[in-house]
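Below: the structure, in structure tokens.
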């Protein structure tokens, strides 16, 4: 079956602009995660969804970052007023049931470059 | 706060060699520990997941062990092949009821033909 897909694969934007990143999880997966991978840094957890609710938003770095999930499926990560330090690869993952109890399946990521 | 460290940061070996990648974590109250592979420009592929009650997991030429008391995990790769070249990431659950994984920075493996 289809894996996790993300769009766009690459995004170049100017400082101060808003961007939206999209994640389509594997069908039937109830848990969805967003991570960020910056140059020289490890993967950094951003937010976790179980269904449409987000019980753990602790990784969002500032109030410029927000995410939503609708219909228990597609998720959108929005970054407002982008800064150069937001440049990174944003990865989405989904798992079948209760989050960390199951293997996470990752998408290919969106490479964001803020000029 | 869970912290995950991977040593070495990079490793280069000749084809056919057996090798071990190391991972250490600071909070032993983990739910599970996972090993992933990342190829350049691509997402992560799950290799092995070890539950906290388990000591090891095997898949093909890969064997991962877990020692919670010492805060260590190892990934053993037997008879390495050039196709094994990638970055290997270790991730441990953060504990405290949180649902997030904490990742190490990875070991970049190069297997030379």
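Chains as they are written, first to last, in the working numbering: chain A, 620 to 734; chain B, 125 to 237. The beta carbon of each residue, even a glycine, is placed where N, CA and C say it ideally should be.
Residue i by DSSP, collapsed to three states: which one?
{"i": "residue 178 of chain B", "result": "coil"}
{"i": "residue 674 of chain A", "result": "strand"}
{"i": "residue 208 of chain B", "result": "helix"}
{"i": "residue 721 of chain A", "result": "coil"}
{"i": "residue 699 of chain A", "result": "coil"}
{"i": "residue 643 of chain A", "result": "strand"}
{"i": "residue 687 of chain A", "result": "strand"}
{"i": "residue 637 of chain A", "result": "coil"}
{"i": "residue 663 of chain A", "result": "strand"}
{"i": "residue 191 of chain B", "result": "strand"}
Pick out whichever of the options has its Cα sitting closest to the Cα of residue i.
{"i": "residue 655 of chain A", "options": "A:716, A:705, A:668", "result": "A:705"}
{"i": "residue 216 of chain B", "options": "B:147, B:141, B:140", "result": "B:147"}
{"i": "residue 715 of chain A", "options": "A:647, A:708, A:652", "result": "A:647"}
{"i": "residue 155 of chain B", "options": "B:209, B:192, B:131, B:208", "result": "B:192"}
{"i": "residue 644 of chain A", "options": "A:709, A:700, A:691", "result": "A:691"}
{"i": "residue 129 of chain B", "options": "B:208, B:235, B:233, B:197", "result": "B:197"}
{"i": "residue 236 of chain B", "options": "B:226, B:210, B:214", "result": "B:210"}
{"i": "residue 721 of chain A", "options": "A:677, A:652, A:628", "result": "A:652"}
{"i": "residue 711 of chain A", "options": "A:679, A:681, A:678, A:642", "result": "A:642"}
{"i": "residue 682 of chain A", "options": "A:666, A:688, A:709", "result": "A:666"}
{"i": "residue 696 of chain A", "options": "A:640, A:631, A:632", "result": "A:640"}
{"i": "residue 202 of chain B", "options": "B:127, B:131, B:125, B:140", "result": "B:140"}
To the nearest whole angstrom, what separates the beta carbons of residue i and residue j, a pair I think is in contact under 8 Å?
{"i": "residue 661 of chain A", "j": "residue 230 of chain B", "result": "7 Å"}
{"i": "residue 173 of chain B", "j": "residue 162 of chain B", "result": "The Cβ separation is near 16 Å, so there is no contact."}
{"i": "residue 624 of chain A", "j": "residue 726 of chain A", "result": "6 Å"}
{"i": "residue 171 of chain B", "j": "residue 160 of chain B", "result": "6 Å"}
{"i": "residue 650 of chain A", "j": "residue 713 of chain A", "result": "6 Å"}
{"i": "residue 195 of chain B", "j": "residue 150 of chain B", "result": "6 Å"}
{"i": "residue 200 of chain B", "j": "residue 233 of chain B", "result": "Incorrect: roughly 12 Å between the Cβ atoms, too far for contact."}
Determine, using beta carbons only, whether residue i comes closer than 8 Å to chain D.
{"i": "residue 168 of chain B", "result": "Judged by its chain identifiers, the structure shown contains no chain D, and its protein chains are A and B."}
So does residue i have its beta carbon nearer than 7 Å to some heavy atom of the ligand COA?
{"i": "residue 669 of chain A", "result": "This structure simply doesn't include the ligand COA, nor any ligand for that matter."}
Going by other Cβ atoms of all chains shown within 10 Å of its Cβ, with 16 needed for buried, is residue i buried or exposed?
{"i": "residue 166 of chain B", "result": "exposed"}
{"i": "residue 207 of chain B", "result": "exposed"}
{"i": "residue 734 of chain A", "result": "exposed"}
{"i": "residue 675 of chain A", "result": "buried"}
{"i": "residue 732 of chain A", "result": "exposed"}
{"i": "residue 700 of chain A", "result": "exposed"}
{"i": "residue 136 of chain B", "result": "exposed"}
{"i": "residue 218 of chain B", "result": "buried"}
{"i": "residue 228 of chain B", "result": "buried"}
{"i": "residue 581 of chain A", "result": "What the structure shows of chain A is the stretch from 620 to 734, and residue 581 of chain A is not part of that stretch, so it cannot be assessed."}
Inset, instruction - May I ask you to verify whether the segment 176-193 of chain B touches the segment 620-637 of chain A, counting CB pairs closer than 8 Å and requiring at least 3? - result: No, the segment 176-193 of chain B is not in contact with the segment 620-637 of chain A.
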